[in-house]
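Taken in sequence, the protein lines are chains A and B. Residue numbering for the first sequence follows the numbering used here, beginning at 1 and increasing consecutively. Residue numbering for the second sequence follows the numbering used here, beginning at 1001 and increasing consecutively.
Number of protein chains: 2
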Amino acid sequence: MSLKHVGKQSVALANPPSIAGHACIVGEKEGQGPIKDSFDYVSSDMRFGQNSWEKGESEMVRRALELAIGKSGKQQEEIEYLFGGDLLNQCIGTTFGVRDMNIPLFGIYGACSTMAEGLSLAAMMIDGGFADTTAAVTSSHFCTSERQYRFPVEYGGQRPLTAQWTVTGSGAVILTSEGPGPYITHITTGKIVDPGIKDANNMGAAMAPAAYETLRMHFADLSLRPSDYDLIVTGDLGQVGSSIVLDFFKRDGIELMPNYDDCGLMIFSREKQDVHAGGSGCGCSASVLCGYLLNGMRAGRWNKILFAGTGAMLSTTSSQQKESIPSICHAVSISNTR
Amino acid sequence: MSLKHVGKQSVALANPPSIAGHACIVGEKEGQGPIKDSFDYVSSDMRFGQNSWEKGESEMVRRALELAIGKSGKQQEEIEYLFGGDLLNQCIGTTFGVRDMNIPLFGIYGACSTMAEGLSLAAMMIDGGFADTTAAVTSSHFCTSERQYRFPVEYGGQRPLTAQWTVTGSGAVILTSEGPGPYITHITTGKIVDPGIKDANNMGAAMAPAAYETLRMHFADLSLRPSDYDLIVTGDLGQVGSSIVLDFFKRDGIELMPNYDDCGLMIFSREKQDVHAGGSGCGCSASVLCGYLLNGMRAGRWNKILFAGTGAMLSTTSSQQKESIPSICHAVSISNTR
């Protein structure tokens, strides 16, 4: 068994990489929510100055990554590997966003778990001795998602209360081998879990068992209790999914509250913003991490966070063929100390 | 600069992982081509026993991975990380194919470069000390691609002579930290290159500059000449793209022939099989690698191969929005000796 492997699904990094820079850009609705002050830039233009929503999403990716690079004190040409992906078919949000940036790219697809997946791989590339500086980026966009996955936006389709609202946002992180932190210390990589749910308007319920399995494995592998973290945050389970995760742990005699939260519940006010079960999309956990969470860690509000991105790996074709929704969750420990 | 980094875009693995198992499964047309004897299984049923082409593609992935695991002498539960992705929207070929296999999954998207990307990351995970056993898998399917990217298959649309034929095939590789080889020794990770070509029926031309850039960088970084390899093989440039790559090198005064070939030209007979410019799709380079190439290395026909997977990162949406085709190429050195 390799030295860094701990337990069944986790690794402890030998030289935890430092988060040297992070930035996030969001749309107008996100900029009206409860964590609006944590975003680097809020755009009132859903096309971000471009002539289509998709090109706007790519522009958002480009700007988030440039901002994060600027804050890291590194030059663009120093980034040795970029991990990026998004929800658009063939991940065009990322590809077109980083097209002119001249950085070696590993394209990834983890649905809404993409930031956690990219962060895992970007950290392992440094800890494995392959690079000194790496980056992870992802995005989602309400209008590009809505028309790709559901209905034309103009149609104004009704949504059930279990549905989540795709966040318009992009988050980017720059990691370096040395630095003052926060550090990526441990990683638990998820397996596909499919509880058999077929309702694409209830992805929280579909993803909850994957989140439970990865969190449970993380605690077991590393002999940790939830209270060892100042905050445990799931990707975007929303109201339905996060209550299922809390229930599952309660059955095991484990109480995740009060230091548990979900990015899908943090980014919007469900009372004031009519988002039904909460936020979702790759940009949801990415922009909450790259704004509210990492800012909070730097301010000393939390010293140790478990960031558990969740993804529902369905497509319109799989739903039309009456398939259930396979889901995944990747967990990353972020700590102010090595 | 990290120790394993060589030149600008390459790494030399400290303890090159061994390819412990490899397998490929293809469709009927591939099974009638010039390298038909190298495939592990040829199916005359394009649905692979399932009730849709997409479910058939997932079944192909599952079987290729199971076969490769079987040949590796490892158990399924010993695989610590799987890297997989495909051409279908949201990579459902992979996700549904490996859904029940209980292996930690990093979903990747590199279009037709996916096998080279997965092989790169699977090797780095072992060399970085995170795992002893990893895997990479990918697939493509003529019918699922055709109806997703182009027209209903039944429509029988005409194709220009620059178009390539999507391979129905899946390839899987199992890597281990120790073993008799062949070994993954060096990796050059590609950047996006976009020559501005907008014709989705001429992806060879769109991808050729990316292949040229990665190969050129590989030779420069590692101070190698093309003749240092017994075979240099690009992913699936087909007739148009591979002749462009040869031309580009000729302008630099470098002759890649006679030890250059392209998976898109190897898998079909252009004379007898009416595939126009050649084969393409993630399953093209994957099944050529996992059959013909690795079998040939084991038989001693070649001792050192440079496998350069190429991908065109377009989507139907990006084409409809009149965007050009960003492309990428990842190169992996495979050698019978460490």
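Quick reminder that beta carbons are idealized off the backbone N, C-alpha and C, glycines included. As the structure is a prediction and not an experimental result, all values here were calculated from the model.
Asked: Closer than 8 Å at the beta carbon, the chain D residues around G283 of chain A; Found: Considering every chain present, this structure includes no chain D. Its protein chains are A and B.
Asked: Beta-carbon proximity of T138 of chain A to M115 of chain A, cut-off 8 Å; Found: yes
Asked: Local Cβ density within 10 Å of R338 of chain A, reported as buried at 16 or more and exposed below that; Found: exposed
Asked: Integer Cβ distance of K304 of chain A from D230 of chain A, believed to fall under 8 Å; Found: 5 Å
Asked: Burial state of P1160 of chain B, where buried means 16 or more other Cβ atoms lie within 10 Å; Found: exposed
Asked: Residue-chain proximity (A1131 of chain B, chain A), Cβ-Cβ < 8 Å; Found: yes
Asked: Beta-carbon proximity of D1043 of chain B to G1027 of chain B, cut-off 8 Å; Found: It is Ser, not Asp, that sits at residue 1043 of chain B in the sequence shown. Yes, Cβ-Cβ distance for S1043 of chain B and G1027 of chain B is below 8 Å.
Asked: contact_flag[the stretch 324-338 of chain A, the stretch 170-189 of chain A] where n(CB pairs < 8 Å) is 3 or more; Found: yes
Asked: Close Cβ partners of E57 of chain A (< 6 Å) along its chain, the five nearest in sequence each way excluded; Found: G93, S139, H141, T144
Asked: Residues of its chain near S1319 of chain B, where Cβ-Cβ distance is below 6 Å and the 5 sequence neighbours each way are ignored; Found: A1200
Asked: Host alpha helix (DSSP H) of V1245 of chain B (start-end); Found: 1238-1251
Asked: Proximal residues of chain B, C-beta to C-beta of T95 of chain A below 7 Å; Found: I1192, M1313, P1326
Asked: Distance, G156 of chain A Cα to A1122 of chain B Cα; Found: 44 Å
Asked: Neighbouring residues, chain A, relative to Y1212 of chain B (Cβ below 7 Å); Found: Within chain A, no residue comes near Y1212 of chain B; the closest Cβ sits about 15 Å away, beyond 7 Å.
Asked: Per-residue contacts from N1089 of chain B into chain A (C-beta, under 8 Å); Found: N89, Q90, S315, T316, T317
Asked: Chain A contacts made by the stretch 1132-1162 of chain B, where a contact means CB separation under 8 Å; Found: D1132, Q1148
Asked: Status (buried if at least 16 other CB within 10 Å, exposed otherwise) for D289 of chain A; Found: At residue 289 of chain A the sequence reads Leu, which differs from the Asp that was named. When all chains shown are included, L289 of chain A counts as buried.
Asked: S315 of chain A - containing beta strand (DSSP E), residue span; Found: Per DSSP, S315 of chain A belongs to no beta strand (DSSP E) and is neither H nor E.
Asked: Inter-stretch contact (C-beta, 8 Å, three-pair minimum) for the stretch 33-47 of chain A and the stretch 238-251 of chain A; Found: no
Asked: First through last residue of the alpha helix (DSSP H) which encompasses Y212 of chain A; Found: 203-221
Asked: 7 Å Cβ cut-off: residues of chain B touching V11 of chain A; Found: F1130
Asked: Residues within the stretch 1100-1111 of chain B neighbouring chain A, beta-carbon criterion of under 9 Å; Found: D1100, M1101, N1102, I1103, P1104, L1105, F1106, G1107, I1108, Y1109, G1110, A1111
Asked: Close-in-space but distant-in-sequence residues of the same chain around Y41 of chain A (CB under 6 Å, 5 per side omitted); Found: I25
Asked: Candidates A:P16, A:A14, A:G7, A:D274, of which the one nearest A163 of chain A by Cα; Found: A:D274
Asked: Where V153 of chain A falls: helix, strand or coil (DSSP); Found: helix
Asked: Chain-ordered residues of the stretch 1175-1191 of chain B with a beta carbon less than 8 Å from chain A; Found: S1177, T1189, G1190, K1191
Asked: Beta-carbon neighbours of Y41 of chain A, restricted to chain B and to distances below 9 Å; Found: Chain B residues near Y41 of chain A: none, gap ~24 Å exceeds 9 Å.
Asked: Reference I1267 of chain B; option with closest CA among B:R1251, B:S1285, B:L1256; Found: B:S1285
Asked: Proximity below 8 Å, CB of H330 of chain A to CB of S113 of chain A; Found: yes
Asked: L82 of chain A versus B:Y1109, B:T1168, B:E1154, B:A1064, residue with shortest Cα-Cα distance; Found: B:Y1109
Asked: Complete alpha helix (DSSP H) runs within the stretch 109-166 of chain A (minimum length 4 residues, chain order); Found: 114-127, 142-145
Asked: Inter-residue spacing [alpha-carbon to alpha-carbon] between G196 of chain A and M203 of chain A; Found: 11 Å
Asked: Closer than 8 Å to chain B by CB, S52 of chain A; Found: yes
Asked: Residue-chain proximity (M1124 of chain B, chain A), Cβ-Cβ < 8 Å; Found: yes
Asked: Proximal residues of chain B, C-beta to C-beta of G85 of chain A below 9 Å; Found: G1107, I1108, Y1109
Asked: CA-to-CA distance, H1022 of chain B to S72 of chain A, given in whole angstroms; Found: 41 Å
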